[in-house]
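Our numbering numbers the first residue of the sequence shown as 18 and each following residue consecutively.
What follows is a single structure, written as structure tokens, with notes after it.
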Amino acid sequence: MSINLYDTKKSIYSDTPGQQQELTEEPTQLELEIRKARHIVTKAFSKSIDQIQTGVDTWISFEKSVRDVITTYHDKREAVLPGMLYVTIAGFAGSIAVKNKNFAIRVFFPMVTSVGTFGALYPLTTINILKNQNFDPTQLPPKFTLYSKLVDKVEDLIHAVGWDNKKN
């Protein structure tokens, strides 16, 4: 007598596939709290990303407006990079020079040294800024006549070098 093992072995599948029971587990209180916390963190993260994007957009628009202002006033014949480094260093030097003085001097002297260095290194751009701001040197008090003399000298130098676009 032969025994067939395959006939006596029960199948792992049910004979009637339509009658299978589906097991559904209800979430525990801990799982519900974890889900709630995950949703709160996800909403906060998306809000923070929106805030960061708003800040980046604001900064980019500020940079664009600064670039537009600079291109409005900057004279193309003057190099930007080395002079701007010197202007920054002049501001630092002005800060170091007055480190033990009173507050007003400590605030204004670095700005004065930076503006003075800017005017010395970028005379054409400085003239463009002053002309476009409707600045009239004749309205200055008499002790500031040095400014108008400086502007005349710079304009004479521009004409002598041939940087002006006017033809004689």
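Heads up, the beta-carbon is just placed ideally off N, CA and C, and yes, glycines get one too.
Only a predicted model underlies this, so the values are computations on that prediction, with no experimental measurement involved.
Here Thr142 really is in contact with Asp92; their C-beta atoms are around 5 Å apart, less than 8 Å.
Between the segment 83-101 and the segment 63-72, the count of Cβ pairs shorter than 8 Å is below three; the stretches do not touch. Burial state of Ile77 is exposed, judged by a 10 Å Cβ sphere holding fewer than 16 other Cβ atoms. Asp74 sits in a helix when the DSSP states are folded into three classes. Between the segment 125-138 and the segment 104-115 there are three or more inter-stretch CB-CB distances shorter than 8 Å, so the stretches are counted as touching. As the crow flies, the alpha-carbon of Arg52 is around 10 Å from that of Thr59. In the DSSP annotation of this structure, the continuous segment of the alpha helix (DSSP H) that includes Val129 starts and ends at Phe120 to Leu138. In this structure, the beta-carbon distance from Ile175 to Tyr90 does not fall below 8 Å. Rounded to whole angstroms, the gap between the alpha carbons of Thr75 and Asp85 is 15 Å. A distance of 8 Å or more separates the beta carbons of Pro140 and Val178. Excluding residues up to 5 positions away in sequence, nothing lies with its Cβ nearer than 7 Å to the Cβ of Thr71 in the same chain. Secondary structure note for Pro99: its alpha helix (DSSP H) is the uninterrupted segment Leu98 to Ala114.
Listed in chain order, the non-local C-beta contacts of Lys81 below 8 Å within the same chain number zero, local neighbours out to five positions each way being set aside.
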